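Residue numbers (the working numbering): 669 to 803.
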């Protein structure tokens, strides 16, 4: 198992619509799509920048997976996502090396890709997302 690229950088925002002007008008990034993830309490937007993307995450319910982050830290960088070719193998390897996955099985992320997160206390303070598949 080896990460072959940075897939995206996740940024928590209070309102995707309010932030799109900065990314599209000022930075000139192309909007790659907006998706609702009701089961996770999220609305996400992807913007292309070179060979990777920026993911804007907006909470759509008070107990979403990012609501605590937003309350404690406010808007800002939430995670860095690395693309892997086998997420199940990546989760096993992370566990065996002391990098704690937040779940034992991959979840379904935006665009139907498989995702898993590694606890920031075991990765130098950064929430790491592993992504298998293409958006």
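Glycine is no exception: its CB is placed at the ideal position from the N, C-alpha and C atoms.
Every value quoted in this text rests on a predicted model; they were computed, and no experiment measured them.
* Output the distance between the C-alpha atoms of residue 760 and residue 800, rounded to the nearest integer angstrom. => 14 angstroms
* C-alpha distance - residue 677 paired with residue 747, whole-angstrom precision -> 6 angstroms
* Asked: Does the separation of the CB atoms of residue 715 and residue 691 fall below 7 angstroms?
  -> yes
* Asked: Skipping 5 residues on each side, what residues in its chain have a beta carbon closer than 6 angstroms to that of residue 753?
  -> none
* Tell me which same chain residues have a C-beta within less than 6 angstroms of the C-beta of residue 672, skipping the five on either side of it? -> 751
* To do: Go through its chain and collect everything with a Cβ distance to residue 733's Cβ below 8 angstroms, but skip five positions before and after it.
  => 708, 709, 710
* Classification of residue 719 by the beta-carbon crowding that lies within 10 angstroms, buried from 16 upward -> exposed
* **Counted within 10 angstroms of its Cβ, other Cβ atoms place residue 768 as buried (16 or more) or exposed** => exposed
* Asked: In whole angstroms, what is the alpha-carbon distance linking residue 804 and residue 680?
  -> For residue 804 there is no data in the structure shown, the boundaries of the chain being 669 and 803.
* Is it right to say residue 771 is buried, meaning 16 or more other beta carbons lie within 10 angstroms of its own, or is it exposed? -> exposed
* Rounded to a whole number of angstroms, what is the C-alpha to C-alpha distance between residue 694 and residue 764? -> 44 angstroms
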